[in-house]
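In the UniProt record's numbering, the protein residues as written are 1 to 296. Glycine is no exception: its CB is placed at the ideal position from the N, C-alpha and C atoms. Data block below; observations after.
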């Protein structure tokens, strides 16, 4: 087996990859809010982002073109994972970044359920405690520290976590499908889902001025293209190797980077309960890594 092929199937490399991918997703709110500042509203910031990213991936898809073993499976995986992050990206515009992060990160629960039901995984004590810590972190924010009722953005973030877990399980079943094809399917699914949100989601998702002046957009287009390539590859490749439960927990690196970046750069409120929630979720991630070394 060549070094590249070994790397692509290594659980350790995939674990590192998904942690790095999660860290990049923790900064995802920055380009979305930048598009919003230019004038894109509702679901349009995500729509613009996914179109740019797809234009980046299409040449790679053509350059590394291989036969698609199952177009139906690729379409389903792309629709599930693409819709998940379409909903998540839109939730960042409609609610606080912190709330979107924590509502999404019920994924370890859904991933563990899939692992037990379909993959024969054992429910270890370490994973039970990790899940309880994750729940406690979420409750610290929405149970104690919430300043507002649950809104549309919160619901989209919650739903996105479920869809992502199911989609990552589908990718796990497609080990022979090249990652570039999966990324292209993911972005196509995200564009379709975001277009549906714009078409049927009402004024909150459509915005009042869907086509602002495009002149200030070009620097953001270049930055988005450079940012999207590693972020999406490091998110879509690891689920081919790692189970959904482990993916869900390791992807929590996004919470760490997200909270730090929000505290430094965003105007969103970050109070003591949000900080407590982040600490508990980071503890859940650490326990999963240290308590399941055999998975690496």
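Residue 163 and residue 18 closer than 8 Å at C-beta: With contacts defined as CB atoms closer than 8 Å, residue 163 and residue 18 fail to qualify as a contacting pair.
Can you tell which of 262, 92, 16 has the C-alpha that lies nearest to the C-alpha of residue 36? 92
For residue 245, I'd like the list of residues in its chain whose CB is within less than 6 Å of its CB, leaving aside the five on either flank, ordered along the chain. Closer than 6 Å at Cβ, skipping near neighbours: 111, 112, 115.
Out of 194, 173, 280, 279, state which residue places its alpha-carbon closest to the alpha-carbon of residue 237. 173
When DSSP labels each residue in this structure, what does residue 238 get in the three-state scheme? DSSP, read as helix, strand or coil, puts residue 238 in helix.
Stretch pair the segment 222-233 + the segment 86-100: three plus CB contacts closer than 8 Å: No, the segment 222-233 is not in contact with the segment 86-100.
So, for residue 46: in the same chain, excluding its five sequence neighbours on each side, which residues have a beta-carbon less than 7 Å away from its beta-carbon? 32, 86, 89, 90, 194
Own chain residues within Cβ distance below 8 Å of residue 201, not counting five before or after: 42, 43
Endpoints, the alpha helix (DSSP H) within which residue 193 is located: 179-200
Out of curiosity, what's the CA-to-CA distance linking residue 65 and residue 81? 21 Å
Residue closest to residue 130, alpha-carbon to alpha-carbon, out of 121, 149, 109, 186: Here the closest residue by C-alpha is 109.
For residue 58, is the classification buried or exposed, using 16 other Cβ atoms within 10 angstroms of its Cβ as the cut-off for buried? Here residue 58 is exposed. Its C-beta has fewer than 16 other C-beta atoms within 10 Å.
Once DSSP output is grouped into helix, strand and coil, what is the label at residue 68? coil
Would you identify the three-state DSSP class for residue 13, choosing helix, strand or coil? helix
Determine the DSSP secondary structure at residue 287, reduced to helix, strand or coil. helix
Grouping DSSP H, G and I as helix and E and B as strand, with all else coil, what is residue 106? In the three-state DSSP reduction, residue 106 falls in the coil class, being neither helix nor strand.
What do you reckon, are the CB atoms on residue 105 and residue 281 nearer than 8 Å? yes
For residue 287 and residue 133, believed in contact at Cβ under 8 Å, the rounded distance: That belief holds up - the Cβ atoms of residue 133 and residue 287 are roughly 7 Å apart, short of 8 Å.
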